[in-house]
Amino acid sequence: MSACVFIGDEVTAAGFRLAGVAVHVPRPEQVRTLFNRLLAEAELVLITAEYAQRVPPNLLQAAQLRSRPPVLVMPDIRGRREPPDRGAALRRQLGRAE
Numbered sequence: 001m002s003a004c005v006f007i008g009d010e011v012t013a014a015g016f017r018l019a020g021v022a023v024h025v026p027r028p029e030q031v032r033t034l035f036n037r038l039l040a041e042a043e044l045v046l047i048t049a050e051y052a053q054r055v056p057p058n059l060l061q062a063a064q065l066r067s068r069p070p071v072l073v074m075p076d077i078r079g080r081r082e083p084p085d086r087g088a089a090l091r092r093q094l095g096r097a098e
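Per this note's numbering, the very first residue in the sequence shown carries number 1; after that it's consecutive.
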């Protein structure tokens with residue numbers, strides 16, 4: 001079992017690899033299967049927003065709502081795609097948005 005795994009592009013993966021994180025740079029058609037497998041094996045799953053788009057939204061949301069393993073959608077190092085701002089969405093839902 002890996003403590004922390006990363007799913008994303010090769011450039012962003014390089015930094016995580018240097019930090020000792022198990023990295024995965026799958027082909028587009030492999031992302032969903034890999035994501036499911038790593039949910040069962042890892043203690044923390046990091047995935048870039050670009051790769052998270054290749055996971056069905058309902059599967060990604062269910063994984064994020066579970067307590068184990070934590071799933072974090074993050075921007076890639078190039079800033080090509082940003083993850084949704086959950087804080088802003090929550091503030092809008094609570095009527096606290098500016």
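Ideal Cβ placement from N, Cα and C applies to all residues, glycine included.
Treat the numbers as computed from the prediction; the structure is a model and nothing was measured.
DSSP three-state assignment for Ala-42, whether helix, strand or coil: Assignment of Ala-42 by DSSP, reduced to helix, strand and coil, places it in the coil class.
Close Cβ partners of Val-25 (< 6 Å) along its chain, the five nearest in sequence each way excluded: The beta carbon of Val-25 sits closer than 6 Å to the beta carbons of Glu-10, Ala-13 from its chain, once the five residues preceding and following it are set aside; these are given in chain order.
8 Å Cβ cutoff met for Pro-70 and Leu-44: Yes. Within cutoff.
Contact set for Leu-72: own chain, Cβ-Cβ below 6 Å, skip 5 residues either direction: Excluding residues up to 5 positions away in sequence, Leu-46 lie with their Cβ nearer than 6 Å to the Cβ of Leu-72 in the same chain.
For Ala-22, the first and last residue of its enclosing beta strand (DSSP E): In the DSSP assignment, Ala-22 falls within the unbroken beta strand (DSSP E) covering 22-24.
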